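Colleague:
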């Protein structure tokens, strides 16, 4: 379960484990848009206002993003 307005954990996991080679161009574009929206929502909402599982998931994703792409260290 995810917080309101956020990408569901199950959908996120399914997208992550499905090889890109099996995805259509439309699926890849949709994932890119929803991933960006989720990153924006993750940054706008403080960790203190998130559910415990959402906070943990966001911290993990932030760490991954920072390691892979560089970036800021926390939410606003």
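Numbering (UniProt numbering), first residue to last: 1 to 76.
From the three backbone atoms N, C-alpha and C, an ideal C-beta is built for every residue, glycine too.
Keep in mind that this is a model prediction, so the values were computed, not measured.
#1: Can you have a look at residue 28 and say buried or exposed, based on whether 16 or more other CB atoms are within 10 angstroms of its CB?
#2: For residue 26, count neighbouring Cβ atoms within 10 angstroms of its own Cβ and tell me buried if that reaches 16, exposed if not.
#3: Count the other CB atoms, across all protein chains shown, that sit within 10 Å of the CB of residue 48; report buried if there are 16 or more and exposed otherwise.
#4: Please report the distance separating the alpha-carbon of residue 6 from that of residue 22.
#5: Cα-Cα, which of 13, 38, 24, 14 is closest to residue 4?
Modeller: Concretely, from the data shown:
#1: Reading the chain shown from its first residue, position 28 is the one you call residue 28. When all chains shown are included, residue 28 counts as exposed.
#2: Taking the first residue of the chain shown as 1, we reach residue 26 at position 26. Residue 26 comes out exposed.
#3: Here residue 48 refers to the residue found at position 48 when the chain shown is read from its first residue. By the 10 Å Cβ count, residue 48 comes out exposed.
#4: On the chain shown, position 6 is the one that residue 6 refers to. On the chain shown, position 22 is the one that residue 22 refers to. Their backbone Cα atoms lie some 25 Å apart in a straight line.
#5: Sequence index remark: in the chain shown, residue 4 carries index 4 (1-based). If we check each option's Cα against that of residue 4, 38 comes out closest.
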